[in-house]
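Colleague:
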Amino acid sequence: MSGEPQDDCLFCKIIAGQIPATVVRETETTFAFRDINPQAPTHVLVIPRAHHVDAAALAAAEPALAADVLREAGEIARAEKLDSYRIVFNTGAGAGQTVFHAHAHVLGGRGLQWPPG
Ligand code: AMP
Ligand code: ZN
């Protein structure tokens, strides 16, 4: 069911502490940790504790929680002293989504090309 922890979800396992992660920030509703394969000097993933398959599903089911994820992305950028950064939600396998638990990539600390590949 949407929102419930999924046994086969990597990020639900990270939230449950079953898989280690370098935690950056935690709130009642969100969890943020460093990406294991960083694409920039700062590369943090912000996820809702509740399981939703992607950002749009999250926003449709729990709009306040989607706002929590975005707010946390901004807090992380501030804490990492990024004046410019990018928030990315890869959506669908064709766009590079590999983990089907909504997550914001917060990328910064280097020049970021536009448009992305
Ligand atoms: P995406 O490809 O947009 O679905 O993003 C998934 C991200 O999760 C990728 O950038 C991976 O490098 C990252 N990732 C996969 N496994 C782990 C892990 N155990 N800890 C931290 N990040 C991970
Ligand atoms: Zn999950």
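Counting from 1, one number per residue, gives the positions in the sequence shown under the working numbering. Using N, Cα and C, we set each Cβ at its ideal position, and we do this for glycine too.
#1: What are the uninterrupted segments assigned as beta strand (DSSP E) that are 3 or more residues long and contained completely in the segment 37–108, given in chain order?
#2: On the DSSP letters alone, give me the boundaries of the alpha helix (DSSP H) that leucine 9 sits inside.
#3: Figure out for me which residue from Lys81, Glu80, Ala61 and Arg86 has the closest Cα to the Cα of leucine 70.
#4: If I measure Cβ to Cβ from valine 24 and keep anything under 7 Å in the same chain, skipping five residues before and after, which residues do I get?
#5: Give me, in chain order, the residues of the same chain whose beta-carbon lies closer than 6 Å to that of arginine 54; leave out the 5 immediate sequence neighbours on both sides.
#6: Following a CB-centred definition, is phenylalanine 11 positioned closer than 7 Å to any heavy atom of ligand 2?
#7: Taking aspartate 68 as the reference, which of Lys13, Thr27, Ile19 and Thr98 has the closest Cα?
#8: Mind checking whether the beta-carbon of histidine 103 lies closer than 7 Å to any heavy atom of ligand 2?
#9: Under the DSSP definition of a beta bridge, which residues are partnered with glycine 3?
#10: Can you check whether the CB of glutamate 62 is closer than 8 Å to the CB of glycine 108?
Modeller: On the basis of the supplied data:
#1: 42–48, 85–88 and 104–108
#2: One point to set straight first is that residue 9 is cysteine, not leucine, in the sequence displayed. Neither: cysteine 9 is in no alpha helix (DSSP H) and is coded neither H nor E.
#3: Arg86
#4: Ala32, Phe33, Arg34, Val44 and Ile76
#5: This sequence places aspartate at residue 54; arginine is not what is there. Excluding positions up to five away in sequence, the list reads Thr91 and Ala102.
#6: yes
#7: Thr27
#8: no
#9: His51
#10: no
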